[in-house]
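Below is one structure, written out as structure tokens; comments come after it.
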Amino acid sequence: MRIPVACNLDDQAAVTQLEEWRAFLAGPTVTRQRVSPTELALRLAEGPAQLEKVVRLAQREKACCPFFDFTLRIGAEALILTISVPEEAAMLLDQFAAPQRELS
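Take 4 as the starting number for the sequence shown in my numbering and just add one per residue.
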């Protein structure tokens, strides 16, 4: 069964949530890599506050946009959050923010 590409937030709530993502992604400890047109990897500096924030953001995003998938890898040096969407939603990953630095 395919999950429809739809958000259940009203326009204002969607803008607010997108602004929260952009503020988080603008932090100095976040780098990103576009793994594919439908996948974005975020490298987060380790730290419980950042982990808690990104988990809450991802949970809220999944609740309103169930077609998003989030995978968290925990490494010794960093956390990697991978965000995946279906092909028809690939342009939504562009809205998260323009890449600042590439993952190595």
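All C-beta atoms, glycine included, are put in the ideal place defined by N, C-alpha and C.
Because the structure is a prediction, the values reported are computed rather than measured.
Are there 16 or more other CB atoms within 10 angstroms of the CB of R46, so buried, or fewer, so exposed?
buried
With respect to the beta strand (DSSP E) encompassing L60, which residues constitute its N-terminal and C-terminal limits?
From DSSP, L60 is part of no beta strand (DSSP E) but of the alpha helix (DSSP H) over P51 to C67.
Bridge-paired residues (DSSP) for E42:
Answer is S39 and S87.
Work out the CA separation of E23 and R63 for me, nearest whole Å.
11 Å
Would you list the residues sitting across from D72 in a DSSP beta bridge?
Paired residue(s): S87.
Which first and last residues belong to the alpha helix (DSSP H) in which E22 is found?
D14 to L28
Rounded to whole angstroms, what's the CA-CA distance from V33 to A26? Just pull it up for me.
11 Å
CB of A92 within 8 Å of CB of V18, strictly
For the pair A92 and V18, the CB atoms are not nearer than the 8 Å cut-off.
Assumed close pair I77, A44 - CB separation to whole angstroms, cut-off 8 Å:
In this structure, I77 and A44 do not form a Cβ contact; the two beta carbons are roughly 14 Å apart against a cut-off of 8 Å.
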